[in-house]
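Accompanying notes for the structure given below.
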Amino acid sequence: RSKRRGRGQITVYSSEIAQEMRRSTQLEQALRNAIISDNVDVHFQPIVNLADGRVKGFEALARWIDPDLGFVSPAVFVPLAEERGFIDMLSETLLRKAAEATLAWPRDLFLSFNLSSAQLMDPRTTYNTLSILNSVGFDPRRLELEITETAVMTSADTAARIINELRELGIRISLDDFGTGQSSLGRLRDFTFDKVKIDRAFVSAIMTDRTSEHIIKAIVTMCEGLDLAVVAEGIETVAEAKKLRDLGCGMGQGYHFGKPMDQAATLRYLHDHYHEFAMLDRERLGATAPGVTPEA
Ligand code: C2E
Ligand code: MG
Ligand code: MG
Ligand code: MG
Numbered sequence: 169r170s171k172r173r174g175r176g177q178i179t180v181y182s183s184e185i186a187q188e189m190r191r192s193t194q195l196e197q198a199l200r201n202a203i204i205s206d207n208v209d210v211h212f213q214p215i216v217n218l219a220d221g222r223v224k225g226f227e228a229l230a231r232w233i234d235p236d237l238g239f240v241s242p243a244v245f246v247p248l249a250e251e252r253g254f255i256d257m258l259s260e261t262l263l264r265k266a267a268e269a270t271l272a273w274p275r276d277l278f279l280s281f282n283l284s285s286a287q288l289m290d291p292r293t294t295y296n297t298l299s300i301l302n303s304v305g306f307d308p309r310r311l312e313l314e315i316t317e318t319a320v321m322t323s324a325d326t327a328a329r330i331i332n333e334l335r336e337l338g339i340r341i342s343l344d345d346f347g348t349g350q351s352s353l354g355r356l357r358d359f360t361f362d363k364v365k366i367d368r369a370f371v372s373a374i375m376t377d378r379t380s381e382h383i384i385k386a387i388v389t390m391c392e393g394l395d396l397a398v399v400a401e402g403i404e405t406v407a408e409a410k411k412l413r414d415l416g417c418g419m420g421q422g423y424h425f426g427k428p429m430d431q432a433a434t435l436r437y438l439h440d441h442y443h444e445f446a447m448l449d450r451e452r453l454g455a456t457a458p459g460v461t462p463e464a
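Throughout, the UniProt record's numbering is defined as the position within the sequence shown, counted from one, plus 168.
What follows is the structure, given as structure tokens:
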């Protein structure tokens, strides 16, 4: 910004700020309304065992399509809800919906749910989470909460306390987007986790970039030593899936296995990909074998 144009620049700049503020206030109002009128939804993306391709659970991902604004990414509206102080309201709605939907799945499948960083600094999080699970009738041992390194590092003491409380309830904690945060590995000693999710950035580079391969190898070895499960995020091809399996990565998630799906599509996915679930349903429908129609 040159001094010559200083004044004009500032005027343009501040009017842009004003416009941006109006936009985000509009977005905030639309989001609040959507939550209240039950228009924020939750979709599910499968997480599979890389060794045999079996579904182990699903990650819940928030979805919002506004009639005027169209599709708004959770990467936009989740941070907005955090900033404007209603992330707890949004998150509670989403967890309730996700847990209710999960009740229709086979019981050995887990639900993975993203906890926002603000919730990891809020001492009420444990109680709020438990209340929702209780009211839905959801076993806490089926729940995994995904948190990010950055969230853990910004408010370490509170985060550690909340993590411990949640784990005492049987909830597992997984470290999301691993490798992209600003943490030092040493700090990880202060926290107890159950699972690490390797960020998509490493996974998508794995076929072409030796460095990413070495980083993934190192993460897998570290997790073995620490007795942590490992999930690779963002697997898009069969080649990536095989490579990750060969590197010793236990689980995978990504478009190759399935995109995030609404509740009905998730059930259809389970019918196609979860053998026992399909059998069970056939029994319930009264068919003794595929192709045999029960008599009326
Ligand atoms: P995340 O938790 O790391 O979720 C994974 C993101 O990667 C999702 O984006 C998912 O749709 C996308 N993804 C999965 N597989 C692939 C793939 O193979 N290729 C590509 N290109 N992308 C893939 P999404 O749904 O847009 O969510 C973005 C972020 O928003 C999430 O990142 C999470 O941080 C946040 N978020 C989403 N839902 C919630 C929620 O309910 N609560 C909170 N607190 N945050 C959420
Ligand atoms: Mg996640
Ligand atoms: Mg992730
Ligand atoms: Mg990610």
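We put the beta carbon where it would ideally sit given N, CA and C, even for glycine.
Computed from a predicted structure; not experimentally measured.
Given a cut-off of 9 Å on the beta-carbon distance, is the pair residue i and residue j in contact?
i      : j      : result
Phe212 : Asp430 : yes
Leu271 : Phe306 : yes
Val210 : Arg231 : yes
Gly426 : Glu404 : no
Asp367 : Gly347 : yes
Glu317 : Asp345 : yes
Leu248 : Glu196 : yes
Starting from the C-beta of residue i, find all residues in its chain whose C-beta is less than 6 Å away, skip the five residues before and the five after it, and write them out in chain order.
i           : result
Met447      : none
residue 501 : The structure shown does not extend to residue 501, since the chain is modelled only from 169 through 464, so no value can be given for it.
Leu301      : Pro308
Ser380      : Phe370, Ala373 and Ile374
Thr261      : Ile203
Thr434      : Phe212
Under three-state DSSP, which class holds residue i?
i           : result
residue 112 : The requested residue 112 is not part of the displayed model; the chain covers only 169 to 464.
Met375      : coil
Gly459      : In this prediction, Gly459 has a pLDDT of 39, which is less than 50 and means its spatial position is unreliable; what the coordinates show is noted afterwards. Of the three classes helix, strand and coil, the one that applies to Gly459 here is coil, per DSSP.
Ser280      : strand
Leu403      : The amino acid at residue 403 is misidentified as Leu; the sequence shows Ile. Residue state, collapsed to three classes: coil.
Ser170      : Only weak support is given to the placement of Ser170: the predicted model assigns it a pLDDT of 42, under 50, and the question is left unresolved by the model.
Phe359      : coil
Gly393      : helix
Pro214      : strand
Ala249      : helix
Asp414      : helix
Going by CA-CA distance only, name the one from the options that's closest to residue i.
i      : options                           : result
Leu229 : Arg378, Ser280 and Asn201         : Ser280
Thr389 : Ser285, His424, Glu408 and Gly418 : Gly418
Gly204 : Ser259, Asp236 and Phe278         : The amino acid occupying residue 204 in the given sequence is Ile; Gly does not appear at that position. Looking at the Cα atoms, Ser259 is the closest of the given residues.
Ser342 : Ile300, Leu283, Thr322 and Ala324 : Leu283
Leu438 : Ala219, Arg292 and Leu277         : Leu277
Ala327 : Glu312, Glu314 and Phe359         : Phe359
Ile330 : Thr322, Asp290 and Ala198         : Asp290
Arg378 : Lys411, Asp362 and Asp395         : Lys411
Less than 7 Å between C-beta atoms, sequence neighbours within five positions excluded: which residues of the same chain meet that for residue i?
i      : result
Arg200 : Phe254
Glu444 : Pro274
Arg222 : Val216
Lys385 : Leu415
Phe315 : The question names Phe, but residue 315 is Ile in the sequence shown. Answer for Ile315: Leu283, Leu288, Ile341, Leu343 and Asp344, listed in chain order.
Taking the beta strand (DSSP E) that residue i falls in, what are its first and last residues?
i      : result
Thr316 : Leu311 to Thr316
Pro274 : Counting along the chain, Pro274 falls outside any beta strand (DSSP E), and DSSP gives it neither H nor E.
Leu229 : Val223 to Asp234
Gln287 : That residue, Gln287, is in no beta strand (DSSP E); it is neither H nor E in DSSP.
Phe239 : Gly238 to Val240
Which same chain residues end up closer than 8 Å to residue i when comparing Cβ atoms and leaving out the 5 residues on each side of it in sequence?
i      : result
Ala464 : Low confidence applies to Ala464: its pLDDT is 37, below 50, so where it sits in the model is not reliable enough to give any reading.
Ala407 : Met375
Val304 : Arg264, Ala267, Glu268 and Leu271
Arg292 : Asp256
Between which two residues does the alpha helix (DSSP H) harbouring residue i extend?
i      : result
Ser342 : Looking at the DSSP string, Ser342 is not in any alpha helix (DSSP H); the run it does join, the beta strand (DSSP E), is Arg340 to Phe346.
Met257 : Ile255 to Thr270
Arg335 : Ala324 to Glu336
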